[in-house]
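Q: Take the sequence shown: its letters are residues 610 to 730, numbered as in this note's numbering.
C-beta: ideal position from N, C-alpha, C; glycine also.
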Amino acid sequence: MALYEHVFLARQDLSQAQVDALAAQATEIVEKNDGKVTKTETWGLKNLAYKIDRNRKAHFVLLNIEGPGSVVAELERQTRINEDVIRYMTIAVDEHEAGPSVMMRKNERDKKRRENREERD
């Protein structure tokens, strides 16, 4: 089985529940096509480097996928149709990262820095 990482950006005006529903929908597509989602991470609402379709921010979601190439083709086809997704990217990887991704570790590190700063003030 091939390994893939699929990241998509959802519009900024969606609620967290709607973003979770998009991730669940993507997982359902993968599982219908004989694939498996091993990890789903929601990175939260982040600033974009530039405007995309009048959006300055977007909800970022990562899916680690195991499956044949046809799974990726169908997932990208369905994602392209969805109006709530403004960008997506799927890449093939040699192995999935164990534990939290770099983005999740960065969020935790930033949170600790904020807490330390508040304690000093």
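With DSSP as the reference, please indicate the residues paired to M698 in a beta bridge.
A: Here residue 698 is taken as the residue at index 89 of the sequence shown, counted from 1. Answer is V616.
Q: With burial defined as no fewer than 16 other Cβ atoms inside 10 Å of the residue's Cβ, what is the status of A667: buried or exposed?
A: By one-based count along the sequence shown, residue 667 stands at place 58. Classification for A667: buried.
Q: Among R726, D629, V711, I695, which residue has its Cα nearest to the Cα of K660?
A: By 1-based counting over the sequence shown, the position of residue 660 is 51. It is I695.
Q: Can you give me the C-alpha to C-alpha distance between F669 and H615, rounded to a whole angstrom?
A: Here residue 669 refers to the residue found at position 60 of the sequence shown. Here residue 615 refers to the residue found at position 6 of the sequence shown. Distance between the alpha carbons of F669 and H615 is about 11 Å.
Q: Using the Cα positions of E735 and T651, report the straight-line distance between them to the nearest angstrom.
A: Here the chain has residues from 610 to 730 only, and residue 735 is not among them.
Q: Are the Cβ atoms of T636 and E675 separated by less than 8 Å?
A: Position 27 of the sequence shown, counting from 1, holds the residue named residue 636. Position 66 of the sequence shown, counting from 1, holds the residue named residue 675. No, the pair does not count as a contact, with Cβ atoms beyond the cut-off.
Q: I'd like to know if the segment 692-707 and the segment 623-632 are in contact, where contact means that at least 3 CB-CB pairs between them fall below 8 Å.
A: yes
Q: Should D629 and P677 be called a contact, given that it needs their Cβ atoms to be closer than 8 Å?
A: Your numbering for residue 629 matches position 20 in the sequence shown. Your numbering for residue 677 matches position 68 in the sequence shown. No; because the gap between Cβ atoms is not below 8 Å, this pair is not in contact.
Q: What are the boundary residues of the alpha helix (DSSP H) that E675 is part of?
A: Counted from its first residue, the sequence shown places residue 675 at position 66. Unbroken run through E675 is the beta strand (DSSP E), 664-676; no alpha helix (DSSP H).
Q: How many Å lie between R722 and L654 at the Cα?
A: By 1-based counting over the sequence shown, the position of residue 722 is 113. By 1-based counting over the sequence shown, the position of residue 654 is 45. Cα atoms of R722 and L654: separation of roughly 19 Å, rounded to the nearest angstrom.
Q: If contacts are defined as beta-carbon pairs under 8 Å, then R665 and N656 qualify, I think. What distance do you get, rounded to the angstrom?
A: As a first step, residue 665 must be located in the sequence shown, where it is residue number 56. As a first step, residue 656 must be located in the sequence shown, where it is residue number 47. Confirmed, about 7 Å.
Q: Is E706 near L612, with beta carbons less than 8 Å apart?
A: Reading the sequence shown from its first residue, position 97 is the one you call residue 706. Reading the sequence shown from its first residue, position 3 is the one you call residue 612. The Cβ atoms of E706 and L612 do not sit closer than 8 Å to each other.
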